[in-house]
Amino acid sequence: MPIPRIRQLRRDKTLFVLAMNAIRLHLEEDDRLARQPELQGAPDAGLLQVQQGIDQWAGLATSYVMRKFRCPPAQSMQLLGELLAEMKATIPVGELRQVPYQQMLVLPPAAPASPPLPAA
């Protein structure tokens with residue numbers, strides 16, 4: 003299967019939602035670190051929870067790319083990184099902030115924190 007293009011990834015509704023959740027939490031992380039720079043070296047429980055949420059949503063998105071587009075893990079992570087960068091550059095921050103970040107801290111009930119890798 004050929005490598006998917008960023009435009010193709012962005013049009014995938016499931017991947018778009020997963021990426022938006024990670025981006026929203028990145029904004030919250032940036033806000034907290036801007037207000038409290040001392041958290042950079044010693045994060046509090048709230049910041050750790052936000053960072054864990056970012057990792058979980060990014061993990062789900064990477065696994066989704068691996069399964070749907072049959073990409074190896076490294077390539078899936080690279081594609082997700084490119085998609086996140088493109089979305090951050092093109093989607094207005096105000097639009098991203100419309101959803102309360104607390105909603106992003108809860109994974110869907112059917113979604114495990116670390117989905118299994120597809121069989122080879």
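Here the working numbering = 1-based position in the sequence shown + 2.
C-beta: ideal position from N, C-alpha, C; glycine also.
Small disclaimer: the values here were computed from a predicted structure and weren't measured.
Excluding the 5 residues preceding and the 5 following residue i in the sequence, name in chain order all residues of the same chain whose CB lies nearer than 7 angstroms to its CB.
| i | result |
| --- | --- |
| Ile8 | Glu84, Leu85 and Glu88 |
| Leu20 | Trp59, Leu62, Ala63 and Tyr66 |
| Arg26 | Leu98, Val101, Tyr103 and Met106 |
| Leu41 | Arg34, Leu35 and Leu49 |
| Lys90 | Ile25 |
Does residue i come out as helix, strand or coil in the three-state DSSP assignment?
| i | result |
| --- | --- |
| Gln38 | coil |
| Ile25 | helix |
| Ser116 | Bear in mind that a pLDDT of 48 at Ser116, under 50, signals an unreliable position, so the number given afterwards is only what the model happens to contain. It is coil, neither helix nor strand. |
| Leu109 | coil |
| Ile5 | coil |
| Val101 | coil |
| Leu17 | helix |
Need the endpoints of the alpha helix (DSSP H) that residue i sits in, please.
| i | result |
| --- | --- |
| Ile8 | Ile8 to Arg13 |
| Leu204 | Only positions 3 to 122 of the chain appear in the structure, and residue 204 is not among them; the question remains open. |
Grab me the residues of residue i's own chain with a C-beta within less than 8 angstroms of its C-beta, minus the 5 sequence neighbours each way, in chain order.
| i | result |
| --- | --- |
| Ile56 | Ala24, Leu27, His28 and Glu31 |
| Arg52 | The amino acid at residue 52 is misidentified as Arg; the sequence shows Val. Closer than 8 angstroms at Cβ, skipping near neighbours: Leu27, Glu30, Glu31, Arg34, Tyr103 and Leu107. |
| Ile5 | Phe71, Cys73, Gln77 and Leu81 |
Within a Cβ cutoff of 6 angstroms, which residues of the same chain sit near residue i, ignoring the five residues on either side of it in sequence?
| i | result |
| --- | --- |
| Glu44 | Checking the sequence shown, residue 44 turns out to be Ala, not Glu. Closer than 6 angstroms at the Cβ level, and outside the excluded window around Ala44, lies no residue. |
Runs of alpha helix (DSSP H) wholly within the segment 36-85 (minimum 4 residues, chain order) | 47-71
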